[in-house]
Amino acid sequence: IIGPSAVSQRFIHAAGMESPGLTAAPAAARLVCEHLQEAGLDLKPKKVFDPIRRVIRIRDLSASEQAQLMQQDAAYSKIVCRCEYVSEGEIRDAIRRGATTLDGVKLRTRSGMGRCQGGFCTPKIIGILSRELGLPPEKITKRGPGSPLLAGRLR
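Here our numbering is used: the first residue of the sequence shown is 1, the next is one more, and so on.
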């Protein structure tokens, strides 16, 4: 369901988008643009636009590229997920690009997908999510509301 809000024509509701996912994204984007133009918004294409947001994958870099990156930002030298060789810097980048849940980080970085299935790295990832989002660890969820990871603090 895609359409303008009754409150503001420039606020577009896009409901039920999880199921069709990426396959419907181009068509949904066109509908949103049409609604915004009908509301009087002058839409202009960005002159400098890179549609591919490249992410850093430390495991795909050469040793010299890794060393250079680690010198620029120490977070890339802290390996959080040993099985998939994912650094704190990569997890932080995923969060700053929109990941707010454990699964959001997992899908963007592969952390927690290795041999241990997150047995070693999950607590560290929860800590990074907590720090970056400014939330207590018990507010971090697996995939959003209704999927708590922690029940509360023991001490």
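By construction, the Cβ of each residue, glycine as well, lies at the ideal position given by its N, Cα and C atoms.
Owing to the predicted nature of the structure, the values given are computational and were not obtained by experimental measurement.
Would you list the residues sitting across from residue i in a DSSP beta bridge?
i    : result
G13  : Note that residue 13 corresponds to His in the displayed sequence, not to Gly. DSSP, once it has assigned bridges, lists G3 as partnering H13.
V105 : According to DSSP, V105 bridges with nothing at all.
P148 : T141
Below 6 Å CB to CB, which residues in the same chain sit around residue i once its five sequence neighbours on both sides are set aside?
i    : result
F11  : S5
G134 : none
Assuming residue i and residue j form a contact by the criterion Cβ under 8 Å, report the distance between their Cβ atoms to the nearest whole angstrom.
i    : j    : result
K142 : D103 : 6 Å
I91  : I126 : With 8 Å as the limit, I91 and I126 do not qualify as a contact, their Cβ atoms being about 11 Å apart.
A14  : V32  : 7 Å
R110 : V86  : 6 Å
M70  : S62  : So it is not a contact: roughly 12 Å between Cβ atoms.
C83  : R115 : 5 Å
Can you find the residues in the same chain that come closer than 8 Å, C-beta to C-beta, to residue i, ignoring five residues on each side of it along the sequence?
i    : result
R108 : V55, A94, R97 and A99
G152 : E138
L43  : C33, L36 and Q37
L150 : I126, P137, E138 and I140
I'd like to check one pair, residue j with residue i: are the Cβ atoms closer than 8 Å?
i    : j    : result
Q72  : A39  : no
C81  : G112 : yes
E88  : A75  : yes
G144 : T101 : yes
Within a Cβ cutoff of 7 Å, which residues of the same chain sit near residue i, ignoring the five residues on either side of it in sequence?
i    : result
H35  : G3, P4 and I12
P136 : S130
L41  : R10
C121 : V80, C81, S111 and G112
R59  : Y85
What residue ranges within the stretch 52-122 form continuous alpha helix (DSSP H) runs of no fewer than 4 residues, ordered along the chain?
Entirely contained in the stretch 52-122, the alpha helix (DSSP H) runs reaching 4 residues are, in chain order, 63-72, 88-96 and 102-109.
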